[in-house]
Each structure stands twice: as structure tokens, then as C-alpha cells.
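Student: Input: one structure, supplied below.
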Amino acid sequence: MGQMRFGYVRKLPSGRYQGSYLGPDGKRHNGPSTFTHKADAQAWITGERRLVEYGAWTSPAARAEALREAEQAEAERAAAEARAIEVLQNTPTVSEWIERCISERQSRSRRPIKQTTADNYRKLARLNVTGTPLGGMRVTEVRRADVHEWRWDGPPSRTRTQGAKAYELLVSVFDDAVVAELIETTPCTLRGAGSPERSREPESLSMEEVDRFLAAIDLPWARAALTIQVTCGLRIGEVLALRAKDLDLEAGTVTVAGTVAKIGESGQRSLVVQAPKTRASLRTLSLLPDTTPELRRWRRSLGELKPTALLFADHVGRPLNDDVLRRVQKKAAASIGRAELKDHDLRATAATLAAAAGASVREIQSMLGHTTPSMALKYQTATRERDAERARNMSLRWQDARAASPSPE
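The sequence shown runs contiguously to residue 505 in the numbering used here.
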């Protein structure tokens, strides 16, 4: 039996090799099959070790079961879409109409919705409409009073935001019903029903807190990812979608060209890199000059990568689950007394520091890849020179803050 730093490989009487290891759960896990060559068994163990190191490990048996369930779910979804055609001759229920609208929006030739958007709509419908009296009503039977009762007398477990988003979905599908001439007017006319109350305003870190936050992160890849996020204002999915060609340390820029999205519902999700939802999200930003030396050292540690290779990936090059990065973020935030820190707080921090460095509102919107209703009519990006000046000013203010406060331990 040959001993490795992680796991074991043994030769069986048949002449084949079997790999095994003790998992984080304290149990021994064998390979899914035996191997003809010892190197193949060792490679399997190496892959399992990397999953543990990335914090993405689950038992091989659990992964196999999740795959079977995902395949079954996909087969059931395809069968459900086929059955939807059979009810076209009859007036659909609200739940049926929602599903038909989602499917049509996915398959239309002009501006089809993304799979992630469809999944979110289906989740909203499943949690808020399916199984309710409204969900079982025929579209032609629904009156304003029915919608009022559903919206304001919903289950206590429904959050304000979830209720508002579910109502917005209902508004859109009943608008489609008017266009399809199923009904003459929409019953969704409630004032304020689609406006969620913000339960918590975004909070930002001070420059001194940013220093301590980043210093508390031990993993180089996570520190690099969160450095980019907290100083450039990227969304977490945008950070995890960065490829080697997107980070130009010679020019001092980072280009946002995609986002990591979760396809499917909880327990059956897969991760994909896809284009952002809006043009405003496609942007190139200047890195803070003060951050580039450490980013350069981390980038060199990765060795040579293909231009399209993900910078933050698992052991086989697939996108990382954002939960992996969030766990690191949460731990670092707690260590500086900011356990409540969320993703949007890091973006708020970048915006606040940029504003303090003299960036205009439009420049901050450009940096964040954000567009308001008024900007949607005429979106203008900030100039590269002004963005570079914004980064330099932020970096200088950061250096001044460091000089005025003790170094983090």
C-alpha cells in the first residue's frame, strides 16, 4: 500500500488500483471505480484533495446522488414543457399561465430571457402562487379582489421583497394575457404592491477597515478576489467570472465581460459563466495602483494560463460557487467586528471611497455597472482617463489613511 500526503492507493489482487481517503466527515471514501494505472488513482485523490482545499467538498456519494437528481429534474422539466402544449386549447390556470409565459420568453427569437431569470421566475411562482387559491383559478376568473387578497394576506413566511417580486411577475404575465386576448383588462392594479421596503441600507467600510478586512484573509486567491471587489465595486458573480485576459496588470485594468450564474433551483443547481443582463455591466475599470503589486504577485503564482481560463476556479477549471467566497468574506468581516457585512456593502464601500476621491455620480454608476431608469434612455460611460484618475485618487487617500493609523496585526 503506497501512502500519500492525502489518501492512499492500494493494488488489488486483480492487479487494478483503488484510491481512498479520509474525508472532512471523518469517513473513508473509495474511488467510484478501480483504476488500471496507479497514476489514475492518484489523480482522483488529488482532485478530491483540491475540493477539500477550496471548501467545495461533498462526499462522492452525495455528488453522484445530486447528479442523478439533476438529470431527473431536467427530464421532468422537459416533460412538463411538453404537457403545457396540451392545455393550449383550454383557458389555463394562473399557475399554468405563468409557466407558459416563462417558457415563451425563453424561446422567443428577440431578447429571450436567460435561464437564470427563468429559474428565478419559477421559484417565485412555486413559493408564492402554486398551491394558493389564486394559482388554481382560471386566468379569466381572476378579479382585483382576488389579487388583493393574495398580495396582502399571504403567508407570514413571505418576505416583503419576495412578495413584491412575486406581484411584479404576476403583473407581467397578466399583461401578456391582455395581449393574448385572454382577458380585456388586468386585475393587477394595486398601488405599492410591487415596491419592497428596504430592510437595511448598504453600509461601507472605512479605508482603515478595508485594510484590516483584507489583512484578515489568509487565502491568496480569496484576498485577490475581495481586493478587486471592494476597490472596484464588482458584483461577486462578476469577480468569479474574471478570466486571465480580463486582468491586465500592465495596463492596470480589470474588464468585466461576464458573470457566474446558478442554473436551476436549490439542490439541483449548476454554475455557468454568461453575459451580464445589461450593457452597463460590460466595463473596463482602472485598478487602484496601490493594489497592483500584490495582485501581480498572486497572478504570477498561478503560472501560465490560457487567456480564457478562469482566475478563480475549482481544480478542473470550473466556476467557483459564490458561497465559497462568501464564507471567507464572512469570516474576515467578523474578525474586524463587521459580521453583518454583505456583498452589496463591498460595492457600497467602493462607491463611497470613489466619491470621497472626487468621482462624479455618473462615474460611480459606470464603475458599478449600474443603470437607473433615467440613464437607460442615454447611458454614457466615464472616460478611461477620468476613471484612472479616480483610481489614483482613491489609492492616495488609502495610503494617507494607512500612514495615519497603526498597521494591522
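Where is the CB? At the ideal position from N, CA and C, for every residue including glycine.
1) Select from 212, 195, 216 the residue whose C-alpha is nearest the C-alpha of residue 232.
2) Pairs of beta-carbons, one from the stretch 348–359 and one from the stretch 320–338, closer than 8 Å: are there three or more?
3) Exposed or buried, what is residue 154 when buried is set at 16 or more other beta-carbons lying within 10 Å of its beta-carbon?
4) My understanding is that residue 443 touches residue 348, with C-beta atoms under 8 Å, so please give their C-beta distance in whole angstroms.
5) Should residue 168 be labelled buried (16 or more other beta-carbon atoms within 10 Å of its own) or exposed?
6) Please go through the same chain and pick out, in chain order, the residues whose beta-carbon is closer than 8 Å to the beta-carbon of residue 160, but skip the five residues on each side of it.
7) Name the two residues that bound the continuous beta strand (DSSP E) containing residue 355.
8) Check whether the stretch 107–123 and the stretch 133–147 are in contact - that is, three or more C-beta pairs closer than 8 Å.
9) Report yes or no: do three or more beta-carbon pairs, one from the stretch 410–421 and one from the stretch 491–500, lie closer than 8 Å?
10) Find the nearest neighbour of residue 202 within the set 191, 217, 188, judged by alpha-carbon distance.
11) Excluding the 5 residues flanking residue 395 on each side, which residues of the same chain have their C-beta closer than 7 Å to its C-beta?
12) Residue 162: which of 432, 366, 319 sits nearest, CA to CA?
13) In whole angstroms, give me the CA-to-CA distance for residue 145 and residue 305.
14) Does the distance from the CB of residue 453 to the CB of residue 402 come in under 8 Å?
15) Output the distance between the C-alpha atoms of residue 270 and residue 308, rounded to the nearest integer angstrom.
16) Candidates 213, 240, 176, 423: which alpha carbon is nearest residue 321's?
17) So what's residue 216 in DSSP terms, helix, strand or just coil?
18) If you run the structure through DSSP and keep just helix, strand and coil, what is residue 321?
Tutor: Let me lay it out:
1) Position 136 of the sequence shown, counted from the start, is the residue given in the question as residue 232. Among 212, 195, 216, the Cα nearest to that of residue 232 belongs to 195.
2) Under the 8 Å Cβ criterion, the stretch 348–359 counts as touching the stretch 320–338, having at least three qualifying pairs.
3) Numbered from 1 along the sequence shown, position 58 holds the residue referred to as residue 154. It counts as exposed.
4) The residue labelled residue 443 in the question sits at position 347 within the sequence shown. The residue labelled residue 348 in the question sits at position 252 within the sequence shown. Not a contact, Cβ separation roughly 20 Å.
5) Along the sequence shown, one-based indexing puts residue 168 at 72. The residue in question, residue 168, is exposed, as its Cβ has fewer than 16 Cβ neighbours within 10 Å.
6) Taking the first residue of the sequence shown as position 1, residue 160 is located at position 64. Its chain contains 128 as the residues whose beta carbon lies nearer than 8 Å to that of residue 160, once the 5 sequence neighbours on both sides are disregarded; these appear in chain order.
7) Indexing the sequence shown from 1 puts residue 355 at position 259. Note, residue 355: beta strand (DSSP E), 355–359.
8) Result yes; three or more Cβ-Cβ pairs closer than 8 Å.
9) In short, these stretches do not touch, since the Cβ pair count stays below three.
10) Working through the sequence shown from its first residue, we reach residue 202 at position 106. Among 191, 217, 188, the Cα nearest to that of residue 202 belongs to 217.
11) Against the sequence shown, residue 395 aligns to sequence position 299. Only 343, 345 meet the Cβ criterion.
12) Taking the first residue of the sequence shown as position 1, residue 162 is located at position 66. Ranking the options by Cα distance to residue 162, first place goes to 366.
13) Here the question's residue 145 lines up with position 49 in the sequence shown. Here the question's residue 305 lines up with position 209 in the sequence shown. The alpha-carbon atoms of residue 145 and residue 305 are separated by roughly 34 Å.
14) Position 357 of the sequence shown, counted from the start, is the residue given in the question as residue 453. Position 306 of the sequence shown, counted from the start, is the residue given in the question as residue 402. No, Cβ-Cβ distance for residue 453 and residue 402 is not below 8 Å.
15) Taking the sequence shown and counting its residues from 1, the one referred to as residue 270 is at position 174. Taking the sequence shown and counting its residues from 1, the one referred to as residue 308 is at position 212. If you take the alpha carbons of residue 270 and residue 308, they lie about 51 Å apart.
16) As a first step, residue 321 is located in the sequence shown; it is residue number 225 there, counting from the start. Measuring C-alpha to C-alpha distances from residue 321 to each of 213, 240, 176, 423 identifies 423 as the nearest.
17) Start at 1 with the first residue of the sequence shown, and residue 216 comes out as number 120. When secondary structure is reduced to three states using DSSP, residue 216 falls in the helix class.
18) Counting from one through the sequence shown, the residue named residue 321 turns up at place 225. Note: residue 321 maps to helix in three-state DSSP.
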